[in-house]
Amino acid sequence: MKAGSFLDAEFTIRFKAAQIAEVARLYREDTIDSGDIVWSSDLWHPGLPESIAYMNYFAKKNVKLRGLIHAGSWTDTDFVRDMERWAKNFEDTLFDIADEIYCGSDFIKDDIVKKRIIQPDKLVPTGFPLDTENLDKVKKVEKENLVIFSGRNVDEKQPWLFKQMRDKLGDNNIEFINTLEHNFSKEEYYNLLSKSKVVVSFALQENFGYSVQEAVYLDCTPILPNRLVYPEFYSKEYLYDTFDEACKMVSNAIYSDITPPIVPRDYQESIERWFWND
7 MKAGSFLDAE
17 FTIRFKAAQI
27 AEVARLYRED
37 TIDSGDIVWS
47 SDLWHPGLPE
57 SIAYMNYFAK
67 KNVKLRGLIH
77 AGSWTDTDFV
87 RDMERWAKNF
97 EDTLFDIADE
107 IYCGSDFIKD
117 DIVKKRIIQP
127 DKLVPTGFPL
137 DTENLDKVKK
147 VEKENLVIFS
157 GRNVDEKQPW
167 LFKQMRDKLG
177 DNNIEFINTL
187 EHNFSKEEYY
197 NLLSKSKVVV
207 SFALQENFGY
217 SVQEAVYLDC
227 TPILPNRLVY
237 PEFYSKEYLY
247 DTFDEACKMV
257 SNAIYSDITP
267 PIVPRDYQES
277 IERWFWND
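When we follow our numbering, the leftmost residue of the sequence shown carries the number 7, and every step to the right adds one.
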């Protein structure tokens, strides 16, 4: 696992523990007070909510905890499901302690409300912020017959189906690139998206879909399964029900003038309105 990636557990825990230590310093120095907000870009952080509640108790303060929730053990197909025996207890604790939680979609909110103990109004679907600052710097170029798979190489993303699609369609003057089989820099990756016509997903788990949203932002046509969060963000013309249908849609998107959808570009404004609504 590449050092620094979110699946690098040892690096992630060291980084997050350092963040908790910094917040603890603010309590010790009495420079944090009731009504102040501890905000986290990933609330699925064992130890964070408990630490805030613990320090609030002894400092007799009501420091608020807010942040994003991306996924968890409530999702049947997420790898975190393997940790559910203990993760469920952590998640229920998180949802009890956190004051407001921002999630990527109605889809994830509904899933959490069905499977965990939480006050529904604590969960606010806002979308997630894209890296628009750097996406907007990408040079627009002529599109090529490139089909991109940008999902992680894990079971829940089914990368083998992309290989099957490549075997089926790859001799038709179409190039298929599984991006995580290459060590692209962020700039190289965005430039690749800029010249690609299609991004395809076979996901069994998706609560927002960062990589698809980035690709669509750079005018790739998405070909996506008709399930999970995708029907919330994309119309039926971009959704398939079977593998054969997906292959046909990819071919059509390469050789016809299918207009890519437009990613809502107000996510950042929407999220900021909620983050700082006190």
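Glycine is no exception: its CB is placed at the ideal position from the N, C-alpha and C atoms.
This one's a predicted model, so the numbers in the text were calculated from it and none came from an experiment.
- Taking 8 Å as the upper bound for CB-CB distance, D48 and H76 are in contact here, some 6 Å apart.
- For S262 and Y108, the gap between their C-alpha atoms comes out near 38 Å.
- At the C-beta level, L175 and C253 come within 8 Å of one another.
- Non-local C-beta neighbours of D247 in its own chain, meaning closer than 7 Å and more than five positions away in sequence, comprise N232, ordered along the chain.
- Rounded to the nearest angstrom, the Cβ distance from P266 to V222 is 6 Å, consistent with a contact under 8 Å.
- Here the alpha carbon of I180 sits roughly 11 Å from the alpha carbon of M171.
- Residues of the same chain with a CB within less than 6 Å of the CB of L186, apart from the 5 flanking positions on each side, are N159 in chain order.
- Minimum Cα-Cα distance from M255 among the listed residues E220, P237, F239 and K203 corresponds to K203.
- Within the same chain, no residue comes within 6 Å of P237 by CB-CB distance, once the 5 residues on both sides are set aside.
- According to DSSP, L71 shares a beta bridge with V44.
- For I26, no beta strand (DSSP E) run applies; the uninterrupted alpha helix (DSSP H) run containing it begins and ends at A15 to R34, by DSSP.
- The three-state secondary structure of T227, taken from DSSP, is strand.
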